[in-house]
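**Q** Below are the structure tokens for one structure; questions will follow.
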Amino acid sequence: MDYETPRFLDCGEAALSVEFGDSVTPAVNARVLALDERLRAAPPAGLRETTPTYRALFLRYEPLEISRAALIAAIEALIGTAGVEASQPAVRWTIPCCYDPEFAEDIGEAAALLGQTAQSLARLHAGADYRAYMYGFAPGWCYLGGLPQALAIPRRVSPRGPTPPGAALIGGALSLIAANPMPTGWYVVGRTPERMFALDRSPPFLVAPGDAVRFEPIDANTFLALDARACAGETVARRERLL
Amino acid sequence: MSARLLIGAAGPGVTIQDEGRFGLSRYGVTPAGPMDLGAYLAATRAAGADSAIEVSLGGMTLRADGATLCVAVAGGEFDIRLDGRPMPSACLLPLAEGARLVLRAGASGAWCYVAVGGTLAFAPTLGSRATHARSGLGPRPLAAGDALTLAEAAGAPLEPLALAAPWLTSSAAPIRLVLGPQADYFAPEEIEAFLNARWRIGARSDRMAYRLEGPAIRHRRGHDIVSDGVAMGAIQIPGDGAPLALMADRQPTGGYPKIATVIGADLGRLAQLRPGEDLSFRAVDWDEAVAARRAYFASIDAGATREPLGAEMTTESLLAENLVGGVVNARD
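Top to bottom, those sequences are chains A and B. Residue 108 in UniProt numbering sits at position 108 of the first sequence, and the numbers go up by one each step. Residue 108 in UniProt numbering sits at position 108 of the second sequence, and the numbers go up by one each step.
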């Protein structure tokens, strides 16, 4: 559900959650990101940090510098009477992704569960327009909205072993690019040679919350060639400015 | 020659911490930072340090190399010994070359901070020297044989001094919290049960979360929420009803309802509880939480007082004295 006006929820005395809805939808997330943008452009005194998530903007603030009431008033002024309009992605990333079973170890299992073939799953996954909703779990773990309905898949009851870095995963109604090996209940349906998070690169994080993302299918040989370039520090995903 | 701090022994979970890696939670980066900010600030301000070693119940042994180092210790009631001589649990001392400082778990408290005057020669990672072991950011946890180089060592006091600060005194008063952000996921009687219960810190508690053992808290609207941001001190109730208090190494976002959040002024007190120890909670409103925060930080800003360590002040000599045999007039 998308709320008409946001709910302001205390997270202790020094943080506030501004909640725009209770579900994962592009419209709710766009309102979160639009408020985030406005607050970052003109942060009220005492605001320390904002963290956009699917349906809420988390604000850390110093209550000895700004009261909760003053912070809420500042947010309401930024939202305005018309509410926050959906923010448009400013940047689109095209991320190479290999769906070859050698690099997508769960694609057969996920396809069987979804009544698809590995080929149709790959085609649907690479054909969609995604948006970076939020990061979570660990540095560089970027959750993507926009997974086609036909690929919505319940998460495993117990997690599978560590995923390789760069794994493209599906779980629930979302897709996700893993930044580092980690056990997960999601399904590995592809793998990108691009690094979502690399300390030796500036900026270290590839995608910003709100960016548009597409996957471009590549074969195994292309994967290996791009992987070597990515390991040498090159960004192999393509970046386009949309606005 | 540059000065070095040599680690002779280190228990598990001995890490470098500064105030934390803030500003990158939008990229999934945990701030980390000290479990007990007040104790961290007491140690770092006394020594003139920009970071500290956070010592867990496993303890640590260290020596100075190349110079006499200025070392401050503050935190729980750890057993601190300088070349065998007992020191107060909060102290500022000269660590002469070759002298041995031993920190062991003492009467109470779970963490203490060892700050060395000067600048530890660690390059910051993403703007901070804080260790977050789970994501591999910052220096790895310390181990026996490690040597930490000080880029610039600060001058040390001539004699050990005791540090006294009101906020370092532990108290059994209930830990205060503000209800929410998802208190509405729980029926009023479940919130009552949560507030009236006597909780115990579970054995599998660490820098990421403290497990609370007590009655199971039931959700009325399911245990799955759409993930949102998480503050340090948030009390998350997962599906099994056993609360988790999220601490310094929490993930920046979480998917379980949070019944309440511990207030800033009491986070250090919660952090200093050991597995097996009891606690209770008391709900306060935003204004009371802010008043407590103001008082807490004002008292930290006022600083710890330094007192010379007379021979009569050591634990050994106190234990040797007959303290109950005479009558003392407090006005003398």
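Cβ atoms here follow ideal geometry from the backbone N, Cα and C, with glycine treated the same way.
P183 of chain A and A122 of chain A - do their beta-carbons sit closer together than 8 Å?
**A** No. Outside cutoff.
**Q** In terms of alpha-carbon separation, which member of B:R21, B:L92, B:P188, B:R204 lies closest to G136 of chain B?
**A** Nearest option by C-alpha distance: B:R21.
**Q** Given a cut-off of 8 Å, decide if R55 of chain A and D22 of chain A are closer than it, judged by their beta-carbon atoms.
**A** Contact flag set, yes.
**Q** In chain order, what residues of the same chain have a beta carbon less than 6 Å from the beta carbon of R200 of chain B, not counting five sequence neighbours either side?
**A** Correct list, in chain order: E213, D278.
**Q** Using only CA atoms, which one of A:Q116, A:V207, A:G185 lies nearest to R195 of chain A?
**A** That would be A:V207, whose Cα lies nearest to the Cα of R195 of chain A.
**Q** What residues in the stretch 172-184 of chain B have a beta carbon less than 7 Å from any beta carbon of chain A?
**A** Correct list: V178, G180, P181.
**Q** Can you pull out the residues from the stretch 5-16 of chain A whose beta carbon lies closer than 7 Å to at least one beta carbon of chain B?
**A** Cβ contacts with chain B come from L9, D10, C11, G12, E13, A14, A15.
**Q** Taking only beta-carbon atoms, is S23 of chain A less than 8 Å away from chain B?
**A** Chain B contact via Cβ: present.
**Q** Do A15 of chain A and L78 of chain A come within 8 Å of each other at the CB atom, strictly closer than that value?
**A** For L78 of chain A and A15 of chain A, no; Cβs fall outside 8 Å.
**Q** Please report the residue range of the beta strand (DSSP E) in which T94 of chain A lies.
**A** Taken as a continuous stretch (DSSP letters only), the beta strand (DSSP E) holding T94 of chain A covers 91-98.
**Q** Which first and last residues belong to the beta strand (DSSP E) in which Y143 of chain A is found?
**A** Taken as a continuous stretch (DSSP letters only), the beta strand (DSSP E) holding Y143 of chain A covers 142-145.
**Q** Which residue wins for smallest C-alpha separation from P162 of chain A, given the options A:F197, A:A179, A:R214?
**A** It is A:A179.
**Q** Any beta carbon of chain A sitting closer than 8 Å to that of F297 of chain B?
**A** For F297 of chain B, the answer is yes, since a Cβ of chain A falls inside 8 Å of its Cβ.
**Q** So, do the stretch 112-131 of chain B and the stretch 73-93 of chain B have three or more beta carbon pairs nearer to each other than 8 Å?
**A** Flag = yes, the stretch 112-131 of chain B and the stretch 73-93 of chain B touch.
**Q** For the stretch 17-40 of chain B, enumerate the residues whose C-beta is nearer than 7 Å to any C-beta of chain A, in chain order.
**A** Cβ contacts with chain A come from F22, G23, S25, R26, Y27, G28, V29.
**Q** Who are the near neighbours of T44 of chain B in its chain, counting only those whose CB is closer than 8 Å to its CB and skipping five residues on each side?
**A** Hits under 8 Å: D50, S51, A52, A72, Y113, A115.
**Q** At a CB distance below 8 Å, what residues from the stretch 119-134 of chain A approach chain B? Give them in sequence order.
**A** Result list: M134.
**Q** Quick one: list the residues of chain B neighbouring R48 of chain A, beta-carbon separation under 9 Å, in chain order.
**A** Result: F22, G23.
**Q** Counting only beta-carbon separations shorter than 8 Å, does Q251 of chain B have a partner in chain A?
**A** At least one chain A Cβ lies under 8 Å of Q251 of chain B.
**Q** Look up W167 of chain B in the DSSP assignment and say whether it is helix, strand or coil.
**A** Three-state result, W167 of chain B: helix.
**Q** Considering Cα atoms alone, identify which of B:A245, B:P88, B:N196 is closest to R207 of chain B.
**A** For R207 of chain B, the nearest C-alpha among the options comes from B:A245.
**Q** Which complete beta strand (DSSP E) runs does the stretch 44-72 of chain A hold, if anything under 3 residues is left out?
**A** Runs found: 47-52, 56-61.
**Q** Is it right to say L169 of chain A is buried, meaning 16 or more other beta carbons lie within 10 angstroms of its own, or is it exposed?
**A** When all chains shown are included, L169 of chain A counts as buried.
**Q** Going along chain A, which residues have a C-beta under 9 Å from I273 of chain B?
**A** Here the sequence assigns Leu to residue 273 of chain B, which means Ile is not the residue at that position. The premise fails here: L273 of chain B is roughly 18 Å from chain A at the closest Cβ pair, so nothing lies under 9 Å.
**Q** For a cutoff of 8 Å on Cβ pairs, would you count A123 of chain B as touching chain A?
**A** Chain A contact via Cβ: absent.
**Q** For I235 of chain B, which option in B:R204, B:A39, B:V178, B:A187 has the closest C-alpha, if you only look at C-alpha atoms?
**A** Nearest option by C-alpha distance: B:V178.
**Q** Looking at chain A, is there any beta carbon in it that lies within less than 8 Å of the beta carbon of E321 of chain B?
**A** At E321 of chain B the pLDDT is 45, less than 50, meaning the model places this residue with poor confidence; the figure from the coordinates comes in the next sentence. No, no contact with chain A.
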